[in-house]
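Asker:
Chains as they are written, first to last, in the working numbering: chain A, 276 to 659; chain B, 276 to 659.
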């Protein structure tokens, strides 16, 4: 360490925004009180917590009461899936869901809806997978591999039709629409009504807030069982003394990325274009995956058939350039493959896949150097 | 706020030690990387996490591998109880367990072992409650109400006898001994071998570390199911990108309280004696509950029959003196009563109960003033 680092892996983790650290600071020391305590200090902690909840709710166009603060997106996913599916019924998930979704859903009857070669949900296949026992449909807002932005409102209309059809046939099984917004939250609109979802996961650690803080928004009609029971906090859905500093930091982080998202999307989009153009010129047979238009502005997925991408990542590491191959939030490389298979990549294309995800730590003036180093690493590995 | 506050509720929440905040700082910004990432930054985050795990393990005399970092003690409790009991079998808990234990165990067959009037576990009753289906026995290290320190090693010997008896009779049901060390961890020895336990919960938010961070230690023989599944973190028992800053802060907090516990116990014991003596002199009919000897040095539980303790707490709040009546980690006052009932307090004695818990924010020179204000509040309320 010590030398300059070029961080191109914002989908794996984001640094806390200095403004977020500043916002959290008082709640570690001065206002450290238990929000359930009745004295003034406890009430001040409670107010900070509820104000954080209101900020998050305001951003997604929901009521504060319907936001449950959790200890991270993975917990939110578990709460949503176990909470709904432990009551019975089946789930349908898209083929590009996060590993946490895929892992948890394995405990319950479920099926997987196809995506096309660009990672976009196949709505016909989705419709076919849904039967009268389906209670939960999960389509990520934008996936962590390709950054393909899913047409959630179209899926919502599809589900609305199915619900209406069920009603006319007297089928009373509920059908909830869940989305994990962890990757999309920093750059996309999060209005839950516009998206048409019933449940949404948010992730502080991926939007320049503290790690292991998150939220699950639940439409009032959604009934879930708690995962963690205790003193009745978070209306009984998440026991344990509340993480006030974390909630305040998360709310500030989400507020900042959402306030700045149009400018940041433009900025990152320009860097992405420059990177893609430079890499294309330097490595002519490089293939860019994902959707040409419906893509997160900072997301680049690419492959070179036959390349040992893992060695490229190691090589770049020695030069202080951090990019990803296997999904970084998992120790297990195999957890990434399902998404790559789903878009039709062969094994040798998947092994030759690299992911670059841009964010706050990237600047346009770094592109020539980083693109050159990445291209050089690819060519070097290829020559071996 | 703004005026001087006298905080006498350290059992509800503790402020982050400034040294802990300092230790966490780099992991919010400089070393924010995902510990699962393969590049140098990720490895540095991983090293910090594993170093935190080693520190916690060293303190309790365990192997790092057997420590699972969780998002708080309540989650640890849920992981321990659900993790063991979802496989079948019954639990026996002491009558002074934390509300989270009482809440979670309600999902499973269980019974409650009596305590005596001082809050000490009744070992004969405990033995009687255990039958061949019992897989889990839970006795808190020191309870949050009275601060009574339980004789865990004696209970461990009892359980050892039962295990041996089972073996001779060919009964293969395992019998695990669980303890929640949340309240005792700052001032007591935590050696798991000396205590004779198989599972232990630790709580960062109660030892001057960040909130919603904790650990569950599991003896290698204990098999539990995960609560939160995801990317395989924490050897599959707690999915989600790890809270490196939180783990580092927690380890530093636990290290500090354990390094300083003998001096701090002496210091708090002296303040407690002074407070008890002064209050006894000012309110002659005040009764101090709990155990005269086996008691946490900073814990005072007292009652005045017929007093409206809640109004006393409100009154003191207006003077900046923060003490507790109902268990502060719960919004529901009723959750406190089982412990008070268990030691034989009548309803009007329970309603007249106050809890003072001392810690870092208390100094001997504040005793005359705070004791006088507390006594004055009691007398004022009584006069109404």
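Cβ coordinates follow ideal geometry from the N, Cα and C atoms, glycine included.
Would you say residue 523(B) faces chain A, with C-beta separation under 8 Å as the test?
Answerer: Not closer than 8 Å to any Cβ of chain A, the Cβ of residue 523(B) fails to qualify, so no.
Asker: In terms of alpha-carbon separation, which member of 477(B), 649(B) and 349(B) lies closest to residue 501(A)?
Answerer: Of the candidates 477(B), 649(B) and 349(B), the one whose C-alpha sits nearest the C-alpha of residue 501(A) is 349(B).
Asker: Under 8 Å, Cβ to Cβ, is there at least one residue of chain A near residue 485(B)?
Answerer: By this cut-off, residue 485(B) is an interface position.
Asker: Using a C-beta cutoff of 8 Å, does residue 632(B) count as contacting chain A?
Answerer: Residue 632(B) does not count as touching chain A.
Asker: According to the neighbour-count rule (16 or more other Cβ atoms, all chains shown, within 10 Å of its Cβ), is residue 602(B) buried or exposed?
Answerer: Any reading at residue 602(B) needs caution, since the residue's pLDDT is 42, under 50, leaving its predicted position unreliable; the model's value is listed next. Buried, since its Cβ has 16 or more Cβ neighbours within 10 Å.
Asker: For residue 537(B) and residue 462(B), what's the separation of their Cα atoms in angstroms?
Answerer: Each residue's Cα considered, the two are about 7 Å apart.
Asker: Give a yes or no on whether the minimum CB-CB distance between residue 518(B) and chain A is below 8 Å.
Answerer: Answer yes: the Cβ-Cβ gap between residue 518(B) and chain A drops below 8 Å somewhere.
Asker: Using a Cβ-Cβ distance cut-off of 8 Å, determine whether residue 613(A) contacts chain B.
Answerer: It does not: the Cβ of residue 613(A) has no partner Cβ on chain B nearer than 8 Å.
Asker: Beta-carbon separation of residue 368(B) and residue 405(B) under 8 Å?
Answerer: No; because the gap between Cβ atoms is not below 8 Å, this pair is not in contact.
Asker: 8 Å is my cut-off, CB to CB: does residue 290(A) come that close to chain B?
Answerer: So, interface residue.
Asker: Out of curiosity, what's the CA-to-CA distance linking residue 707(A) and residue 636(B)?
Answerer: No answer is possible for residue 707(A): it lies beyond the span of chain A, which begins at 276 and ends at 659.
Asker: Given 8 Å as the limit, is there contact between the stretch 568-575 of chain A and the stretch 421-432 of chain A, that is, 3 or more CB pairs closer than that?
Answerer: As far as the Cβ criterion goes, the stretch 568-575 of chain A touches the stretch 421-432 of chain A, which means the pair count is three or higher.
Asker: Would you check if the distance between the CB atom of residue 353(A) and the CB atom of residue 380(A) is smaller than 8 Å?
Answerer: In this structure, residue 380(A) does not lie closer than 8 Å to residue 353(A) by Cβ.
Asker: Does the beta carbon of residue 296(A) come closer than 8 Å to any beta carbon on chain B?
Answerer: Yes, residue 296(A) lies at the interface with chain B (some Cβ there is under 8 Å from its Cβ).
Asker: What is the C-beta distance between residue 652(B) and residue 587(B), in whole angstroms, given that I count them as a contact (C-beta under 8 Å)?
Answerer: At roughly 5 Å, the Cβ-Cβ gap stays under 8 Å, so residue 652(B) and residue 587(B) are in contact.
Asker: Hey, out of 592(A), 363(A), 418(A) and 521(A), whose CA is closest to residue 564(A)'s CA?
Answerer: Answer by Cα proximity: 418(A).
Asker: Contact criterion: CB-CB distance below 8 Å. Does residue 279(A) meet it with respect to chain B?
Answerer: No - not a single Cβ of chain B is within 8 Å of the one on residue 279(A).
Asker: Give a yes or no on contact between the stretch 473-483 of chain B and the stretch 440-449 of chain A, applying the rule of three or more CB pairs nearer than 8 Å.
Answerer: Segments in contact, no.
Asker: Buried or exposed: which applies to residue 659(B), given that a residue is buried once 16 or more other Cβ atoms fall within 10 Å of its Cβ?
Answerer: Its Cβ having fewer than 16 others within 10 Å, residue 659(B) is exposed.
Asker: Using a Cβ cut-off of 7 Å, which residues of the stretch 488-506 of chain B contact any Cβ in chain A, in chain order?
Answerer: Answer in chain order: 502, 503, 504, 505 and 506.
Asker: Between residue 542(A) and chain B, is the shortest Cβ-Cβ distance under 8 Å, so that the two count as touching?
Answerer: Not an interface residue.
Asker: With a threshold of 8 Å between beta carbons, is residue 340(A) in contact with chain B?
Answerer: Chain B contact via Cβ: absent.
Asker: Does the Cβ of residue 403(B) have 16 or more other Cβ atoms within 10 Å, making it buried, or fewer, making it exposed?
Answerer: Answer is exposed; the Cβ neighbour count stays below 16.
Asker: Identify the contact partners of residue 378(A) in chain B, using a Cβ-Cβ distance below 9 Å as the criterion.
Answerer: Here the neighbours are 504, 505, 506, 507 and 514.
Asker: Is there a C-beta anywhere in chain B that falls below 8 Å from the one on residue 606(A)?
Answerer: Only weak support is given to the placement of residue 606(A): the predicted model assigns it a pLDDT of 44, under 50, and the value that follows is read from those uncertain coordinates. By this cut-off, residue 606(A) is an interface position.
Asker: Would the beta-carbon of residue 651(B) be found less than 7 Å away from any heavy atom of the ligand NAD?
Answerer: In the structure shown, the ligand NAD is absent, as is every other ligand, since no ligand is present at all.
Asker: Going by CA-CA distance only, name the one from 357(B), 456(B), 440(B) and 342(B) that's closest to residue 411(B).
Answerer: Comparing Cα positions, the closest option is 357(B).
Asker: If we define contact as Cβ-Cβ less than 8 Å, is residue 374(A) a contact residue for chain B?
Answerer: Output row for residue 374(A): interface = yes.
Asker: Is the separation between the beta-carbon of residue 302(B) and that of residue 503(B) shorter than 8 Å?
Answerer: Contact: no.
Asker: Going by C-alpha distance, which of 433(B), 389(B) and 640(B) is nearest residue 613(B)?
Answerer: The shortest C-alpha separation from residue 613(B) is found at 389(B).
Asker: Under 9 Å Cβ-Cβ, which residues of chain B neighbour residue 349(A)?
Answerer: Within chain B, the residues near residue 349(A) are 503, 504, 505, 506, 508, 513, 514, 515 and 516.
Asker: List the residues of chain A whose Cβ lies closer than 9 Å to the Cβ of residue 419(B), in chain order.
Answerer: Correct list: empty, because the minimum Cβ distance to chain A is about 11 Å.
Asker: Below 6 Å CB to CB, which residues in the same chain sit around residue 578(A) once its five sequence neighbours on both sides are set aside?
Answerer: These residues qualify, in order along the chain: 562, 624, 627 and 628.
Asker: Establish whether the CB of residue 457(B) and some CB of chain A are separated by less than 8 Å.
Answerer: Cβ-Cβ to chain A under 8 Å: no for residue 457(B).
Asker: Can a CB atom of chain A be found closer than 8 Å to the CB of residue 667(B)?
Answerer: With chain B represented from 276 up to 659, any question about residue 667(B) goes unanswered, as that position is not in the structure.
Asker: Residues of chain B with CB closer than 8 Å to the CB of residue 641(A), please, in chain order.
Answerer: Chain B residues near residue 641(A): none, gap ~16 Å exceeds 8 Å.
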